[in-house]
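Under my numbering, the letters of the sequence shown match residues 3 to 646, in that order. For each residue, glycine too, the CB sits at the ideal point set by N, CA and C.
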Amino acid sequence: MSTVEQQLDDLQAEITSELPSDISVSSVKYEGPELVVYTRDPKEFAQQGDLIRKLASKLRKRITVRPDPSVLSRPNEAREEIMQVIPEDAGVTDLDFHADTGEVVIEAEKPGMVIGRHGSTLRDITKNVGWTPEVVRTPPIESSTVSNVRSFLKQERDERRDILEKVGRQIHREEMSDDEYVRISTLGCCREVGRASFILSTPETRILVDCGDKPGAEGEVPYLHAPEAFGAGPETIDAVVLTHAHLDHSAFIPLLFKYGYDGPIYCTEPTRDMMGLLTLDYLDVAAKEGRTPPYDSEMVREAIKHCIPLEYGDVTDIAPDVKLTLHNAGHILGSAVSHFHIGDGLYNVAFSGDIHYEDTRLFNGAVNDFPRVETLVLESTYGGRNDYQTDQADSEEKLKEVINETYEQGGKVVIPAFAVGRSQELMLVLEEAMREGDIPSMPVHLDGMIWEATAIHTTYPEYLRDDLRDRIFHDDENPFLADEFNHIDGGEEERQDVADGDSCIILSTSGMVTGGPIMSWLGHIGPDPDSTLVFVGYQAQGTLGRRIQNGWDEIPTSEVGAMGSDNSRGTLTLNMDVDTVDGFSGHADRAGLENFVKTMNPRPEKVLCVHGDERSAQDLSSALYHDYNMRTFAPKNLETFRFL
Numbered sequence: 003m004s005t006v007e008q009q010l011d012d013l014q015a016e017i018t019s020e021l022p023s024d025i026s027v028s029s030v031k032y033e034g035p036e037l038v039v040y041t042r043d044p045k046e047f048a049q050q051g052d053l054i055r056k057l058a059s060k061l062r063k064r065i066t067v068r069p070d071p072s073v074l075s076r077p078n079e080a081r082e083e084i085m086q087v088i089p090e091d092a093g094v095t096d097l098d099f100h101a102d103t104g105e106v107v108i109e110a111e112k113p114g115m116v117i118g119r120h121g122s123t124l125r126d127i128t129k130n131v132g133w134t135p136e137v138v139r140t141p142p143i144e145s146s147t148v149s150n151v152r153s154f155l156k157q158e159r160d161e162r163r164d165i166l167e168k169v170g171r172q173i174h175r176e177e178m179s180d181d182e183y184v185r186i187s188t189l190g191c192c193r194e195v196g197r198a199s200f201i202l203s204t205p206e207t208r209i210l211v212d213c214g215d216k217p218g219a220e221g222e223v224p225y226l227h228a229p230e231a232f233g234a235g236p237e238t239i240d241a242v243v244l245t246h247a248h249l250d251h252s253a254f255i256p257l258l259f260k261y262g263y264d265g266p267i268y269c270t271e272p273t274r275d276m277m278g279l280l281t282l283d284y285l286d287v288a289a290k291e292g293r294t295p296p297y298d299s300e301m302v303r304e305a306i307k308h309c310i311p312l313e314y315g316d317v318t319d320i321a322p323d324v325k326l327t328l329h330n331a332g333h334i335l336g337s338a339v340s341h342f343h344i345g346d347g348l349y350n351v352a353f354s355g356d357i358h359y360e361d362t363r364l365f366n367g368a369v370n371d372f373p374r375v376e377t378l379v380l381e382s383t384y385g386g387r388n389d390y391q392t393d394q395a396d397s398e399e400k401l402k403e404v405i406n407e408t409y410e411q412g413g414k415v416v417i418p419a420f421a422v423g424r425s426q427e428l429m430l431v432l433e434e435a436m437r438e439g440d441i442p443s444m445p446v447h448l449d450g451m452i453w454e455a456t457a458i459h460t461t462y463p464e465y466l467r468d469d470l471r472d473r474i475f476h477d478d479e480n481p482f483l484a485d486e487f488n489h490i491d492g493g494e495e496e497r498q499d500v501a502d503g504d505s506c507i508i509l510s511t512s513g514m515v516t517g518g519p520i521m522s523w524l525g526h527i528g529p530d531p532d533s534t535l536v537f538v539g540y541q542a543q544g545t546l547g548r549r550i551q552n553g554w555d556e557i558p559t560s561e562v563g564a565m566g567s568d569n570s571r572g573t574l575t576l577n578m579d580v581d582t583v584d585g586f587s588g589h590a591d592r593a594g595l596e597n598f599v600k601t602m603n604p605r606p607e608k609v610l611c612v613h614g615d616e617r618s619a620q621d622l623s624s625a626l627y628h629d630y631n632m633r634t635f636a637p638k639n640l641e642t643f644r645f646l
């Protein structure tokens, strides 16, 4: 008998000994990080509300209880009883029964009312019908991404359960080595922005953290074939952790499956959905530009199938010697600071991913409260000594001034914006400014993936700021449903109509002007001297956005929808004003990064400054060393650090 089988037998015996005599256990299984307990007495289990919590505490495992399929009531009977238990105001839109696991997935507009106080309604459902309820939110704005992901995972339930059982056995396997060390190898984003990728390794485990592309540098993949990574074979990677869905962190996650990786991806649920949205768009853009993408959509589906979503604050076993906890990073929807607890109190490492330390309109600021962190891997995008951003309130005032001036001269405001995060932040600013009369009410056209990304935000309001979450729960107060917002879905014809029409604001991807519909808007509106192009986000070196920001006013027509171009010279002349409004970045500035470290208690012993150009990483590293007397590094790619 394998050690895992013996372990499960021992756990079943221990659980049985802890339970009252009227509750039986038919089997126990590992599914990913969770221990699943099957029982023929689900109703009795549900009547003792604290039983699962006490078992989880005693066994130090995440426990899910499911009914043995042999004792389930018929779905049509269970449906009627469930609807009698759930308050009508919960807005249930779908019930989906899965007899193989004894679960009923309840989709509702107000999941909190289905859950009940401290889970009381869920327990009542199980008490009445025996089925184990799982609750998901009905998106207030219909999202094809969320719908497609849920539908796909439903179709793949059998295979997904096989994946989870395999992962569970890997996590709970016996430790093989007596050695003790912790190492980090840098595979990308060192002394550069983008291409984030690291290997965290112990004698037992190798974990890949992020796997992204480099904006403005086609084909620069992380060093995945280094000996520390896939050079030793895909089977040597035990897990992937994705901090957030931006392409400079996620673009090559599906490529891992093309290389033969077959393990789990840990991330938050919105990160999983956003990764699907952004990587599929990445393939679409590559095809439109005549490039051969490095993987196909089937690999994106494989990645989604292998995702194991975690909630903020849940301590989760992901390997025999590693526990992972994700915390809010304040950067984009679902972004996470990833904290790794290695061994039995042996060592702790945190990867910041991208962070925003202060609260914004969308998110609470990044969490930096950990029991222990010996080494911090910290982004340094704005780590340079002069990288202090304008206060957001001042930035909002400046943006309103630019909009008012452009409106008075009859022009249009074009804002290149990242679909995820910055666009929603700007939507909240514009909605409030129009509601309060600070700027005239006018159409705000959303182009590219912005509307779809916004729909995903409204699906997961629990990841947003508390006051915003409350507004989204009320349709008449949901700021994303304001009348001024228009989703551009009519292609070039609609863009031409907008260009020919009255003053308006246009938010369009891509945020760094590296492709997407923003190119068409430059063609339509760029020649108009009454209009304004406003940059509100980071423009990486090598991108067209950075070049325009630095003064370029003639763009090759091959790069844009060439409306109004001087075709004799093959160029488009930008006559529109170009402005930059700092303060809307999803990244912490120099002060925010220093405050993130300064307020950690206890502070880390070592800090690796990554994800910034050479100057920014070295400036931040030097400052943290001098100010806080900690060992700091600005590593290069392909370096390995041993911490123990």
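- The alpha-carbon of asparagine 597 is positioned some 14 Å away from that of glutamine 391.
- One alpha carbon belongs to alanine 501, the other to isoleucine 417, and they sit about 14 Å apart.
- Inclusion of alanine 368 and asparagine 330 in the CB contact set at 8 Å is warranted, their separation being smaller than that value.
- Look at arginine 293 here: in three-state DSSP terms it is coil, with no helix or strand label.
- Ranked by how close their Cα comes to the Cα of proline 272, the residues Gly114, Gly585, Pro463 and Leu326 have Pro463 in first place.
- For lysine 600, the enclosing alpha helix (DSSP H) stretches over residues 592-600.
- Runs of the alpha helix (DSSP H) lying entirely within the segment 373-422, each at least 4 residues long, are 394-410 in chain order.
- Distance from the Cα of glutamate 167 is smallest, within the candidate group Glu33, Val339, Glu438 and Glu158, for Glu33.
- Counting the other Cβ atoms within 10 Å of the Cβ of histidine 120 gives fewer than 16, which makes it exposed.
- Using a C-beta cut-off of 8 Å, the segment 413-428 makes contact with the segment 444-460, since at least three inter-stretch Cβ pairs fall below that distance.
- With a 10 Å radius around the Cβ and a threshold of 16 neighbouring Cβ atoms, asparagine 370 comes out buried.
- Lysine 31 is bridged by DSSP to Val38.
- The beta carbon of aspartate 581 is closer than 8 Å to those of Val404, Thr534, Leu535, Val536 and Phe537 in its chain, skipping five residues each way along the sequence.
- For isoleucine 65, the enclosing beta strand (DSSP E) has its first and last residue at 64-69.
- Per DSSP, reduced to three states, the secondary structure at arginine 208 is strand.
- Here DSSP, grouped into helix, strand and coil, assigns proline 217 to coil.
- One Cα belongs to threonine 128, the other to glutamate 111, and the distance between them is close to 21 Å.
- Leaving aside the five residues that flank proline 266 on each side, the residues in its chain whose CB is nearer than 8 Å to its CB run, in chain order, Gly34, Ile165, Val169, Ala241, Val242, His308, Cys309, Ile310 and Ile320.
- Within the DSSP secondary-structure output, threonine 327 pairs in a beta bridge with His341.
- Asparagine 480 places its beta carbon less than 8 Å from that of arginine 473.
- Annotation: the continuous beta strand (DSSP E) that includes glycine 190 extends over 185-190.
- Our two residues, threonine 5 and glycine 315, have alpha carbons roughly 30 Å apart in a direct line.
- Taking all protein chains shown into account, tryptophan 453 has 16 or more neighbouring C-beta atoms within 10 Å of its C-beta and is therefore buried.
- If you check the CB distance, leucine 226 and leucine 189 come in under 8 Å.
- Inclusion of leucine 13 and leucine 53 in the CB contact set at 8 Å is not warranted, their separation being larger than that value.
- In this structure, the CA atom of glycine 572 is about 8 Å from the CA atom of isoleucine 557.
- CA-to-CA, the gap between glutamate 376 and alanine 80 works out to about 51 Å.
- Asparagine 350 sits buried, since 16 or more C-beta atoms from the chains shown fall within 10 Å of its C-beta.
- By alpha-carbon distance to glutamine 49, the top candidate from Lys400, Thr294, Thr559 and Arg125 is Arg125.
- A residue is called buried when at least 16 other Cβ atoms come within 10 angstroms of its Cβ; arginine 68 meets this threshold and is buried.
- Annotation: the continuous beta strand (DSSP E) that includes glutamate 105 extends over 105-110.
- When only Cα atoms are considered, histidine 526 and threonine 245 end up about 37 Å apart.
- Pairing glutamate 410 with glycine 614 gives a Cβ-Cβ distance that is not under 8 Å.
- Residues of the same chain with a CB within less than 7 Å of the CB of glycine 385, apart from the 5 flanking positions on each side, are Arg592, Leu595, Cys611, Gly614, Ser618, Ala619, Asp621 and Leu622 in chain order.
- A distance below 7 Å between beta-carbons, with the five flanking residues on each side excluded, links tyrosine 183 to the following residues of its chain, in chain order: Thr204, Pro205, Arg644 and Leu646.
- Beta-bridge analysis with DSSP links proline 89 to no other residue.
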